Amino acid sequence: MMLRVLILSLSLFTGFVQATVLQRPVTLTTDNGELFGSLLLPKSDNPVPVVLILSGSGPTDRDGNNPDGGRNDSLKRLAWVLAKHNVASVRFDKRGVAASLAATPDERNLSVEAYVADAVAWGQKLKADPRFGPLILLGHSEGALIASLAAPKVDAAAVISLSGTARPIDQVLRRQLARSLPPPLMLRSNELLDSLKAGHTDDNVPAPLQVIFRPSVQPYLISLFRQDPAAAFAQLKMPALIVQGSNDIQVQVDDAKLLKAAKPDAELALIEGMNHVLRIVPNDVKRQLASYKDPNLPLAVELGTRVLEFIDGLRTR
């Protein structure tokens, strides 16, 4: 195994396993409109593994970019790392986002269940394509939860949780907001979280909290707060890889350890210095935030190494 890791590490630098890659647009027709994505397909005489890449929360697009957070191309760059090492991928704009906006233009109609159904439909499309071998679902951040929920429904060969939380999202929000909100707003935030957790909307949202709790997004939050990421991960019967960076300011290393405890046979890769947008960045707030808006920063090399090693190892399981 160590030899395989070494070979993969060298290949990331030297192009040892470089492949000719076809880049094609790809679409999925749903009852509510088309979803639009990108296919990277290495040229091969035999079926190649294919990774369905699921992006994170909010209006994050297929490339890992968010109009509120900035352009960093994290998922696009990861897809190219895979493609150059003979692994195909499809990444797509979620319904209601970017090119797929028309599929659900009103965010009141978004739900975790709809995102899971879309991931299953994409997975079924890829599994029916003779160009592809085993299907791997890779979810980043909130996408890791979607991957865990969708994988059993599509009988995926494996799941990769990349910067995925183990705790219910309402708990994550409480922790994050407690670091930045003054006491009166934190009190109101907790009241809103309690209401949404109980399945009830609340239109009395102070202006500073609108970006998180605006009434139009509350139905989605209700569907999200019903989920238990660790419990969903524990239900997986297929091989799984947990990847977490030590310098992630959004998801903690403890989350990765909780996911590992939930599914002890999962592989755990803790990458020293990697942050939430998959770059090696010091624990400095200004440099962290700048990395969210810098597509030219290289991905953490160990990320590609560990993901490729895991996919390569599926052949011997």
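Counting in my numbering, the sequence shown runs from 15 upward without gaps.
Backbone N, C-alpha and C fix where the C-beta goes; we use that ideal spot for every residue, glycine too.
All values reported here derive from a predicted model rather than from experimental measurement.
Review point. What are the boundary residues of the beta strand (DSSP E) that includes Ile174?
Key: The sequence position of residue 174 within the sequence shown is 160, counting from 1. Element bounds for Ile174: 172-176.
Check your understanding: Using DSSP with H/G/I as helix, E/B as strand and the rest coil, what is Arg38?
Key -> The residue labelled residue 38 in the question sits at position 24 within the sequence shown. In the structure shown, the three-state DSSP call for Arg38 is strand.
**Study point:** Contacting residues, own chain, Cβ-Cβ under 6 Å from Asn79 (five flanking each side not counted)
**Key:** Locating residue 79 in the sequence shown gives position 65, counting from the first residue. Same-chain partners within the cutoff: Arg85.
Check your understanding: When the Cα atoms are used, what is the spatial distance from Gly83 to Tyr306?
Key -> By 1-based counting over the sequence shown, the position of residue 83 is 69. By 1-based counting over the sequence shown, the position of residue 306 is 292. Looking at the backbone, the Cα of Gly83 and that of Tyr306 are separated by about 6 Å.
Exercise for review: Report yes if the C-beta distance between Ile38 and Leu49 is below 8 Å; otherwise report no.
Suggested key: Here residue 38 refers to the residue found at position 24 when the sequence shown is read from its first residue. Here residue 49 refers to the residue found at position 35 when the sequence shown is read from its first residue. The question names Ile, but residue 38 is Arg in the sequence shown. Their beta carbons are not under 8 Å apart, which means Arg38 does not touch Leu49 by this criterion.
Check your understanding: Quick one: any contact between the stretch 263-279 and the stretch 200-213, if contact means 3 or more CB pairs under 8 Å?
Key -> no
Review point. In angstroms, rounded to a whole number, what distance separates the CA positions of Ser125 and Ala164?
Key: If you number the sequence shown from 1, residue 125 lands on position 111. If you number the sequence shown from 1, residue 164 lands on position 150. Cα to Cα, the separation comes out at about 14 Å.
Review point. Mind checking Asn289: buried by the 16 CB within 10 Å criterion, or exposed?
Key: Position 275 of the sequence shown, counted from the first residue, corresponds to residue 289. So Asn289 ends up on the buried side.
Check your understanding: Any idea if Val225 is buried or exposed, counting beta-carbon neighbours within 10 angstroms, 16 or more meaning buried?
Key -> Numbered from its first residue, the sequence shown carries residue 225 at position 211. Exposed, because fewer than 16 other Cβ atoms sit within 10 Å of the Cβ of Val225.
Review point. Which of helix, strand or coil does DSSP assign to Leu20?
Key: Residue mapping note: residue 20 aligns to position 6 of the sequence shown, counting from 1. Residue placement at Leu20 is flagged as unreliable, the pLDDT there being 42, under the threshold of 50; the coordinate-derived value follows with that caveat. It is helical.
Practice item. Evaluate the contact criterion for the stretch 116-124 versus the stretch 217-237: three or more CB pairs, one atom per stretch, below 8 Å. Key: yes
Practice item. Mind checking which residues open and close the alpha helix (DSSP H) that includes Val267? Key: Position 253 of the sequence shown holds residue 267. Unbroken alpha helix (DSSP H) run through Val267: 267-276.
Review point. How should Thr319 be labelled, buried or exposed, when 16 other C-beta atoms within 10 angstroms of its C-beta is the threshold for buried?
Key: For the purposes of this step, residue 319 is taken as the residue at position 305 of the sequence shown. A buried status is given to Thr319, since no fewer than 16 other beta-carbon atoms sit within 10 Å of its beta-carbon.
Review point. For Val219, which three-state DSSP category applies?
Key: Position 205 of the sequence shown, counted from the start, is the residue given in the question as residue 219. Here Val219 sits in coil by DSSP.
Review point. For the stretch 80-149, which segments carrying the alpha helix (DSSP H) assignment without a break, of at least 4 residues, lie completely within its bounds, in sequence order?
Key: As far as the stretch 80-149 is concerned, its whole alpha helix (DSSP H) runs of at least 4 residues are 88-97, 126-141.
Check your understanding: Around the Cβ of Asp132, are there at least 16 other Cβ atoms within 10 angstroms (buried) or fewer (exposed)?
Key -> Position 118 of the sequence shown, counting from 1, holds the residue named residue 132. So Asp132 counts as buried.
Point to revise | Where the beta strand (DSSP E) containing Ala283 begins and where it ends | key: Locating residue 283 in the sequence shown gives position 269, counting from the first residue. Looking at the DSSP string, the run of the beta strand (DSSP E) that includes Ala283 is 281-285.
Review point. Do the stretch 148-160 and the stretch 177-195 make contact, defined as three or more Cβ pairs closer than 8 Å?
Key: yes
**Study point:** Integer-rounded CB distance, given that Leu89 should sit under 8 Å from Asp77
**Key:** Translated into positions along the sequence shown, residue 77 becomes position 63. Translated into positions along the sequence shown, residue 89 becomes position 75. That belief holds up - the Cβ atoms of Asp77 and Leu89 are roughly 6 Å apart, short of 8 Å.
Exercise for review: Pick out whichever of Ser194, Ala158, Ile325 has its Cα sitting closest to the Cα of Tyr129.
Suggested key: Residue numbering aside, residue 129 sits at position 115 when the sequence shown is read from its first letter. Selected option, being the one with the closest Cα: Ala158.
Check your understanding: So, helix, strand or coil for Leu151, using DSSP?
Key -> The count along the sequence shown starts at 1 and reaches residue 151 at position 137. Here Leu151 sits in strand by DSSP.
Point to revise | For Glu48: DSSP bridge partner residues | key: Along the sequence shown, one-based indexing puts residue 48 at 34. In the DSSP output, where bridge partners are listed per residue, Glu48 has Thr43.
Practice item. Take the Cβ of Pro222 as the centre, count every other Cβ of all protein chains shown within 10 Å, and call the residue buried at 16 or more, exposed below. Key: Residue 222 sits at position 208 when you count from the first residue of the sequence shown. That one is exposed.
Review point. Looking only at its own chain, which residues have a Cβ that is under 8 Å from the Cβ of Val35, when we skip the five neighbours before and after it?
Key: Position 21 of the sequence shown, counting from 1, holds the residue named residue 35. Leu54, Leu55, Pro56, Lys57, Trp94, Ala97, Lys98.
Check your understanding: Excluding five sequence neighbours on each side, which residues of the same chain lie with their C-beta closer than 8 Å to the C-beta of Pro61?
Key -> Reading the sequence shown from its first residue, position 47 is the one you call residue 61. Same-chain partners within the cutoff: Pro144, Arg145, Phe146, Gly147.
Review point. So the beta strand (DSSP E) Pro63 belongs to, where does it begin and stop?
Key: Position 49 of the sequence shown, counting from 1, holds the residue named residue 63. Unbroken beta strand (DSSP E) run through Pro63: 62-68.
Check your understanding: Quick one: is Glu323 buried, meaning 16 or more other Cβ sit within 10 Å of its Cβ, or exposed?
Key -> Start at 1 with the first residue of the sequence shown, and residue 323 comes out as number 309. Burial call: buried.
Practice item. Name the residue from Glu286, Thr330, Arg202, Ala135 whose alpha carbon lies nearest to the alpha carbon of Leu68. Key: Translated into positions along the sequence shown, residue 68 becomes position 54. When each option's Cα is compared against that of Leu68, the closest is Ala135.
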